[in-house]
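Using the numbering used here, read the sequence shown as starting at 6 and increasing by one per residue.
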Amino acid sequence: MQTIVFTINGKKISCPQGTSVFEAAAKNGIAIPSLCYHPDLKPYGACRLCLVEDEKSSRLFASCVTPAARDMAIQTDSPRVLNHRRNIVRLMMAEHPESCIVCNKGNRCELRRIAAKLGVGENDLYPMPNYKSFEQVNPFIIRDLSKCILCGKCIRADHELVCTGAIDYNHRGFQSRPATAHEMPLEHSNCTFCGTCVSICPTGALRPKNNRYAGTPEREALSVCGFCGIGCTLSIGASGDKIVEINPGDFEDTVNHATLCVRGHFAHDFLNSPDRLTSPMIRKTDESGETTFEEASWDAATAQVVSRLTEIKRTHGPQSIAFIGSAKCSVEENYLFQKIGRAIFQSENIVSMGADRSLVQMMALDQKTGGNCRINRLADLEDAPAIVVLGPNPDHAAPVLGYHIKRAAKKGAALIVVDPLPNDLSLFASHWIRPELSTTPAMSVAALLNGIAKAVASQSGHDAGFIEAHTQGLAHYRENLDNWRLEELAQMAAVSESDLETAAAVLAGKPAAFVIGHAAGGSLSEAGLNALFNLALLTGSVGKKGTGIHLVAPANNWMGAGDMGMSPDYLPGRIPLSDEAGRTALERAWNAKISPDPGLDLMRLIEAAESGTLKAAYIMGENPLRKLPQSERVEAALKNLDFIVVQDILLNQTIKLANVVLPGAAFTEKAGAFTSMEGRIQNFMPVVTPPGDAKPDWEILALLAAKMGYPERYDTLEQLKQEIRRMVPMYADLGSHRQGWLKNSGSEDGFRFSFTAAQIPEMPEIDAARPFTGIIAGLRYHMGCGTRTSRSERIRSYPLEGQIEISAADAQKLDLSEADRLRVTSSYGYIEREFRINSDMPDGQIFIPLAYNGNDAMNLIDLSAIPASDAPGWTACRVNIEKIETSGEM
């Protein structure tokens, strides 16, 4: 690219051709004021404050929309320029309300800052009051458009970054303002309440609604979001020991830049919930048999934990104890938790409840790629030639991922969406594959992916050069794939032949990125994962920028928990328990014996508790009674245990069964690291102190290890980081900077990817007596089972109560009226909820949101192990629907 040389304020500047004068100045430390410029948005030139003067022509122009030209001579602060800027600010202030003292933007107001720098105090103009509507009905955003300066940042962020299109300019001239279609309230538009417009607004026209705090936070610090697995950087505002405001940590090297989602922006008020645990508690039983919790000292509580677990281990053996961890806890805490389980108690019953099933997929992919594809930057998706999205709508499960995909589609990427339900991404799709689930709760994901692969091969759309250079086993795979006709594969996948052929045509000659959640209507089996990897190899979609397989993380530290060995089958560093060399190395380092036999997975732990072979459970950061299917069965199993320790931050259903409760610290109250689904390791520091006597989880675990007499002492977090860097080489970047990346195995040279024989597992039998398929998934307002987000005052205040969505035709068949409720019954339980008609819902299917009503949707699901087939798993089931009529008053 050609280099341009010119001068700014007499200083010689060089920049690539096409760079604006504003950007060239900023890169060379020359500040030019602006109210409408943002590095993540296209230049707009609305505010005109970035005016500069060309010395040669004496022309004034907006520097943000003017490309630098050779031999330009620019002045940024000439008398003419400064005079024009002052007049622009004076005109803005003449229309602006005089409410700076009470405006919560305070000293962060960019208009106020620029006015002060230009020396504009009073504007000396007739006031031009421009009264506009004041909107504060929704619980997230207050819109005071009398303070709007028409910079257009909110509109451009909505269209360019979030790609929603909820707002645009309305009216003209003096009445112009950003508004929704037909000027409806935000809650009646397609606004997702991501809050990007709030964070990017330069004045107080848009601000977060906060009933607990007014004004500017006392201090701000960077951290990492504790909800989904994207790993968004947060700028957290605190006052005293309370978190009062969240904004995106808008830096060039972050995954989210200027964006967040409704959870990340507004749901962190759960941190100030009155349900926070503040003191250790021990269950006591009085003479009448009544049990209560009594506050205890840390010494007394940890002494009881050590005493009881040691006694149970001695009496019933190490495998009678389970360690149930959390992908919400930090890398360091997960490492120490599994180390205590393995090295001190010699138990392999170690699971991460938030990632039990999906970790199997992550480990399998790591083995298939030889550990050479551990980093998948989401920003690279925007350069992908094609993207295939299979699973739940990322705009709800991981919204920032959805933004990246939509931006890629707007840039021209071919997008294939596989989802039985309409979603935000289907509007951007080149081809939407919509499995017909009205007669079955599951589709064969393996059949779908094998069908697309068969069609790609028949259309000669495969990447022959990549296959020859980097793979092996193609001939056997093609021969195996010929066992099925395309018609058969389409039928098993509940789609049409043309769906498979069109998808293949879209992918022909294009390497693709595959974004995988829980498969549409089902769980991804081993055969489904093999089919996915085969398709990626066939299209040359492995090891290239913008390609690869992205597994949507179900929790913020999902990858970190797996990497630290929070699995009954794997040790830290993704080492299989069966790997003798890897196991022996850890035994020497820990000075402990590690059993080569895998422990019990989550389902088998429940069965062991029911049978009485499991005697104790240490649960850190999880709420099984709310999260797992068949809560009554889970509760009965846990009640059958002799001893339960729960370490958490919030009072929840599981805590009520505990013998000892240990209060942990939230991510804003401790230091540590999370690993995102990209493979990005992000360190964070405490912003406030933990409430009461609560402690960071790693400190609690270190205290327990010391009480057990373990010789290794962990007095500082850095000691843990050093041990992890030493024992898990892929974490060499842990703690060295604000962020780092996982290390690949280093075996790229000569490694060849292998095709696997195509398989189509048998589908489960269909319960034909139940005429509807219930699809169960989360909405963007809640995370997981809702233990944390249900404590958010803002989320609870939003008028969405988990209504079941049903098609208009099915509602008519059931003779439903607005006053009716629905009873939905499966083979495992029932729920009762209100409903709403969704005109886009296919007949024969209903949608049931997770996390509402105590997460009762899980009552409909079988508490089953990881299926060998593409079974519906925990995402869908066959159901009956009954109308519950509301009787009127006599």
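Every residue, glycine too, gets a C-beta built ideally from N, C-alpha and C.
Residue(s) in a DSSP beta bridge with residue i
i, result
"MET286", "GLU300, VAL666"
"CYS20", "ILE9"
"PHE689", "GLY677"
"CYS202", "CYS202 is not bridged to any residue."
"HIS555", "VAL520"
"ALA391", "ALA419, ALA517"
"ALA332", "Its beta-bridge partners do not exist; DSSP assigns none."
"GLN652", "MET625, LEU667"
"HIS951", "Beyond the ends of the chain as shown, which are 6 and 895, falls residue 951; an answer cannot be given."
"ALA78", "THR12"
"THR476", "PHE758"
"ASP504", "Answer is none; ASP504 lacks a bridge partner."
Residue i - containing beta strand (DSSP E), residue span
i, result
"MET625", "621–625"
"PHE232", "No beta strand (DSSP E) contains PHE232, which DSSP labels as neither H nor E."
"ASN88", "No beta strand (DSSP E) contains ASN88, which is instead part of the alpha helix (DSSP H) from 84–100."
"ARG838", "835–838"
"ALA881", "881–889"
"ILE660", "That residue, ILE660, is in no beta strand (DSSP E); it is neither H nor E in DSSP."
"ARG117", "No beta strand (DSSP E) contains ARG117, which is instead part of the alpha helix (DSSP H) from 115–123."
"LEU827", "826–830"
"ASP173", "173–175"
Own chain partners of residue i with C-beta closer than 8 Å, once the 5 adjacent residues on each side are dropped
i, result
"GLN7", "PRO21, GLN22"
"THR12", "ILE18, MET77, ALA78, ILE79"
"LEU630", "SER636, VAL639, GLU640, LEU643, ASN657, GLN658, THR659, LEU662"
"GLU894", "Any reading at GLU894 must be qualified, since the residue scores a pLDDT of 44, below 50, and its modelled position is unreliable; the value itself is stated next. Nothing meets the Cβ criterion."
Residue i vs residue j beta-carbon contact at 8 Å
i, j, result
"ASP468", "THR374", "no"
"LEU662", "ILE654", "no"
"THR680", "ASN562", "yes"
"GLN237", "ASN261", "A small correction: the amino acid at residue 237 is Cys; Gln does not occupy that position in the sequence shown. Cβ atoms of CYS237 and ASN261: closer than 8 Å."
"VAL423", "ILE410", "no"
"LYS550", "ASP388", "yes"
"ALA243", "VAL693", "yes"
"LEU607", "MET358", "yes"
"ALA460", "LEU491", "yes"
"ASN749", "ARG379", "yes"
"TYR786", "THR794", "yes"
"TRP303", "LEU708", "yes"
"LEU505", "ALA495", "yes"
Residue from the options with nearest C-alpha to residue i
i, options, result
"PRO4", "SER104, HIS270, GLY245", "There is simply no residue 4 to check, as the chain begins at 6 and stops at 895 in what is shown."
"SER138", "GLU127, ILE811, ILE329, SER151", "SER151"
"LEU426", "ASP845, GLY859, ALA862, ASP861", "ASP845"
"CYS464", "GLY578, LEU512, ALA452", "Before going further, note that residue 464 is Gln rather than Cys in the sequence given. Selected option, being the one with the closest Cα: LEU512."
"ALA462", "ARG483, HIS475, THR476, ALA474", "ARG483"
"GLY751", "ILE248, VAL125, CYS206, ASP371", "ASP371"
"ARG163", "LEU540, THR297, HIS187, CYS266", "The question names Arg, but residue 163 in the sequence shown is Asp. Closest by alpha carbon: CYS266."
"GLU100", "LYS122, MET133, ARG91, CYS114", "MET133"
"ILE851", "ILE809, TYR833, ILE836", "ILE809"
"ILE624", "ASN657, GLU798, GLU615, ALA495", "ASN657"
"GLU250", "ARG799, GLU300, ASP738", "ARG799"
"ILE248", "GLY417, ASP255, HIS273", "HIS273"
"LEU314", "ARG288, LYS333, TRP303, GLY346", "GLY346"
"ARG775", "GLY834, ILE146, ILE317, LEU805", "GLY834"
Enclosing alpha helix (DSSP H) for residue i [first to last residue]
i, result
"ASP568", "563–568"
"ASN277", "Here ASN277 belongs to no alpha helix (DSSP H), and DSSP marks it neither H nor E."
"CYS159", "158–161"
"ASN143", "Segment: none, ASN143 is in no alpha helix (DSSP H) and carries neither H nor E."
"GLY456", "450–463"
"ALA813", "813–818"
Residues of its chain near residue i, where Cβ-Cβ distance is below 7 Å and the 5 sequence neighbours each way are ignored
i, result
"THR71", "SER25, VAL26"
"HIS89", "LEU56, LEU65"
"TYR408", "LEU166, VAL167, CYS168, THR264"
"ALA848", "According to the sequence shown, residue 848 is Asp rather than Ala. Within the same chain, ASP848 has close Cβ partners SER443, SER812, ALA814, ASP815."
"ASN535", "THR761, GLN764"
"HIS43", "LYS158, ILE205, ALA263"
"ALA524", "Note that ALA524 has pLDDT 48, beneath the 50 cutoff, so the model's placement of it is unreliable and no number is given."
Contacting residues, own chain, Cβ-Cβ under 6 Å from residue i (five flanking each side not counted)
i, result
"LEU600", "A small correction: the amino acid at residue 600 is Ser; Leu does not occupy that position in the sequence shown. Once the five neighbours on either side are set aside, the close Cβ partners of SER600 are GLU353."
"PHE538", "LYS373"
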